[in-house]
């Protein structure tokens, strides 16, 4: 498997979204952050994320990103689901493009696939997210936004 095996699927992408650029970003994440291991990312609406959140985590609400690690030592890291509805709202709130917000969410989801957990790891995930978002030229990440009181 190669980073090019990473894929980004869209339930319904807005015409202005450059899907190829997001797929290239996913390949870069796979190569650099995932150390060459691919992953799949599906971008859906709030209703789909709410169903996934309820079915897998018993939380009955929509969320911005969910990660489903494969649990394998080799091959695919797993799957990421992102709500395009949440991403739109958050992009407006933080003053950047929808594509930028999708990249932020994808990075966050990938770190979870790699086993990070910002709720229990004493800041390890936050440090990694900060490092990678800077390398990729991304604005504040999810953890930093939450800690600064700017989360939705």
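Residue numbers (the numbering used here): 209 to 360. Glycine is no exception: its CB is placed at the ideal position from the N, C-alpha and C atoms.
{"Item": "Environment of residue 309 [buried if 16+ CB atoms lie within 10 Å]", "Value": "buried"}
{"Item": "Per-residue DSSP class, three states only, for residue 215", "Value": "strand"}
{"Item": "Nearest-angstrom Cα separation, counted from residue 224 out to residue 325", "Value": "33 Å"}
{"Item": "Coil, strand or helix - residue 266 by DSSP", "Value": "coil"}
{"Item": "Residues bridged to residue 302 (per DSSP)", "Value": "Residue 302 is not bridged to any residue."}
{"Item": "Among 267, 298, 282, the one whose alpha carbon lies nearest that of residue 244", "Value": "282"}
{"Item": "Local conformation of residue 297 per DSSP, three classes", "Value": "helix"}
{"Item": "Through-space distance from residue 252 to residue 268, alpha-carbon basis", "Value": "16 Å"}
{"Item": "7 Å Cβ shell around residue 295 - same chain, five flanking residues per side excluded", "Value": "272, 306, 309, 310, 313"}
{"Item": "Proximity of residue 260 and residue 274 at Cβ, strictly below 8 Å", "Value": "yes"}
{"Item": "Cβ-Cβ distance between residue 318 and residue 237 below 8 Å", "Value": "yes"}
{"Item": "Proximity of residue 347 and residue 304 at Cβ, strictly below 8 Å", "Value": "yes"}
{"Item": "Neighbour-count burial assignment, residue 329, 16 or more Cβ in a 10 Å radius", "Value": "exposed"}
{"Item": "Residue 359 burial status per 10 Å Cβ neighbour count (16 or more: buried)", "Value": "With a pLDDT of only 48 at residue 359, under 50, the local geometry of the prediction cannot be trusted, and the value read off the model is given with reservation. Its Cβ having fewer than 16 others within 10 Å, residue 359 is exposed."}
{"Item": "6 Å Cβ shell around residue 219 - same chain, five flanking residues per side excluded", "Value": "252"}
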